[in-house]
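Residue numbers (this note's numbering): 276 to 718.
Glycine is no exception: its CB is placed at the ideal position from the N, C-alpha and C atoms.
Following: one structure in structure tokens, then a few remarks.
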Ligand SMILES: Nc1nc2c(ncn2[C@@H]2O[C@H](COP(=O)(O)OP(=O)(O)OP(=O)(O)O)[C@@H](O)[C@H]2O)c(=O)[nH]1
Ligand SMILES: [Mg+2]
């Protein structure tokens, strides 16, 4: 993969569509556009002004019409990739797209783009940092409203700006420390070490506070929040799943032991992705298949972010209570059209619809935490974000141990380097392949 090559790919989705956008980036882009719009009768075609969409009849090398399209070009560095870029807005049939791609592939210096290669060039040319690249990847993958909002803020620099501000404070402290190393004859103020340590500790505490809540929530937004439905056989777990999903995803019968495997169904709840897991009813059983299902139900309850423990007229089963110890549990009485429960958190009936909205509210509160708004959450949903902030906090914490200027400066250097890894300002190679390989072709 050479960065000197000019790359091309269709940037819109596959299949039939009104319009398909084919993107070309690199030093041969404008020559490729000229070649495509060359008319046998005319001399070398002049290109219209950049950044303006214009009508373009695209032709093969021997002049045959490929498509009546539109084209726009951007001159580097003022483009998405930072290179000369051409976008062809062709008719979106597979045949047109194939014909245009085939014409491009015969041109000298051009080759099809690899997955994520346009974005990779944007990153390498300094058009976006690593956190923004991740935001773009997540925005393209966004399925829910919360994912869209959070990834758009990450793309717009919400994470990068915060990381940069923290990093600048650290670099400032380091510069002040190193200034004293360079002037050993001057008298170091007596309060120098305590003051600097207090500043480092305050910054570390602020970073930690911002991170702990944001990472938990942003990771839930990205990957989904898991809610397990557990309880005795026949208590109404699958019925509740179907009611929450508003479709018949799970089999419901009056036979106890209907559900045998754990079934995870993604549901968009108030804009958030929630993976609701229906499980086999928990009971001792001689049936081999059902016993495996019960094991899986226990696993699901252990790994879920929230457990909804369903209870009917039979009451709370002590074995289940024991298994749920330590989990975050909400008790829900089912079949409230048949009986009235007290001493549970909520009552529902899938027949009357009673309590279903309340279940959604409980899940939402548990997911978001009280009084938390998505707009104030830093988009730091990836493990590596929390990891690098954690390392920076740890490095700042080490300031406590040192009475020597050079060692103090080194702690600061470690802390700013850890933060630099989030935006790709430091040690970028090891994460590049991992991040860009998850993009689709044409991005
Ligand atoms: N009247 C009434 N019946 C319900 C309600 N919820 C479930 N049922 C009935 O209870 C029976 C069991 O429902 P399921 O949803 O299959 O129960 P389950 O907990 O998934 O059972 P297993 O998969 O066997 O563990 C079915 O006959 C349902 O129609 C309810 O709210 N009201
Ligand atoms: Mg079931």
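Residue i in three-state terms, based on DSSP
i: residue 512; result: helix
i: residue 400; result: coil
i: residue 654; result: coil
i: residue 567; result: helix
i: residue 475; result: helix
i: residue 312; result: helix
i: residue 469; result: helix
i: residue 606; result: strand
i: residue 455; result: helix
i: residue 387; result: strand
i: residue 300; result: strand
i: residue 333; result: strand
i: residue 360; result: strand
i: residue 531; result: coil
i: residue 592; result: coil
i: residue 557; result: coil
i: residue 320; result: coil
i: residue 369; result: helix
i: residue 431; result: coil
i: residue 725; result: Shown here, the chain extends from 276 to 718; a query on residue 725 therefore has no answer.
i: residue 394; result: helix
i: residue 281; result: strand
i: residue 716; result: coil
i: residue 548; result: strand
Spatial distance of residue i from residue j (CA atoms)
i: residue 519; j: residue 634; result: 9 Å
i: residue 591; j: residue 609; result: 12 Å
i: residue 264; j: residue 401; result: With the chain covering only 276 through 718, there is no way to say anything about residue 264.
i: residue 514; j: residue 628; result: 11 Å
i: residue 535; j: residue 395; result: 46 Å
i: residue 701; j: residue 688; result: 12 Å
i: residue 651; j: residue 481; result: 15 Å
i: residue 598; j: residue 577; result: 9 Å
i: residue 681; j: residue 492; result: 38 Å
i: residue 545; j: residue 639; result: 8 Å
i: residue 382; j: residue 437; result: 44 Å
i: residue 623; j: residue 631; result: 6 Å
i: residue 719; j: residue 547; result: With the chain represented from 276 up to 718, any question about residue 719 goes unanswered, as that position is not in the structure.
i: residue 304; j: residue 575; result: 52 Å
i: residue 439; j: residue 335; result: 49 Å
i: residue 683; j: residue 463; result: 14 Å
i: residue 385; j: residue 324; result: 23 Å
i: residue 506; j: residue 541; result: 20 Å
i: residue 287; j: residue 298; result: 9 Å
i: residue 292; j: residue 368; result: 6 Å
i: residue 499; j: residue 391; result: 24 Å
i: residue 564; j: residue 655; result: 41 Å
Cβ-Cβ separation, residue j to residue i (assumed contact under 8 Å), whole Å
i: residue 333; j: residue 341; result: 4 Å
i: residue 556; j: residue 508; result: 3 Å
i: residue 699; j: residue 398; result: 7 Å
i: residue 527; j: residue 517; result: 7 Å
i: residue 663; j: residue 694; result: 6 Å
i: residue 346; j: residue 308; result: 6 Å
i: residue 636; j: residue 585; result: Rounded, the Cβ-Cβ distance is 17 Å, inconsistent with contact.
i: residue 697; j: residue 485; result: At roughly 13 Å, the Cβ-Cβ gap does not stay under 8 Å, so residue 697 and residue 485 are not in contact.
i: residue 283; j: residue 388; result: 6 Å
i: residue 359; j: residue 350; result: 6 Å
i: residue 501; j: residue 550; result: 5 Å
i: residue 412; j: residue 714; result: 6 Å
i: residue 285; j: residue 717; result: 5 Å
i: residue 641; j: residue 581; result: 5 Å
i: residue 552; j: residue 579; result: 7 Å
i: residue 322; j: residue 348; result: 6 Å
For residue i, the nearest candidate out of the options (CA to CA)
i: residue 410; options: 434, 467, 295 and 287; result: 434
i: residue 494; options: 657, 566, 446 and 280; result: 657
i: residue 311; options: 368, 371, 378 and 567; result: 378
i: residue 469; options: 679, 666 and 710; result: 679
i: residue 370; options: 319, 404, 295 and 362; result: 295
i: residue 403; options: 304, 437, 386 and 430; result: 430
i: residue 595; options: 454, 554, 449 and 638; result: 554
i: residue 290; options: 577, 582 and 373; result: 373
i: residue 649; options: 376, 297 and 420; result: 420
i: residue 489; options: 425, 442, 448 and 541; result: 425
i: residue 361; options: 614, 331, 279 and 446; result: 331
i: residue 444; options: 690, 548 and 541; result: 690
i: residue 538; options: 684, 560 and 571; result: 571
i: residue 562; options: 583, 550, 617 and 533; result: 533
i: residue 615; options: 602, 604, 589 and 600; result: 589
i: residue 301; options: 474, 320 and 280; result: 280
i: residue 587; options: 568, 569 and 620; result: 620
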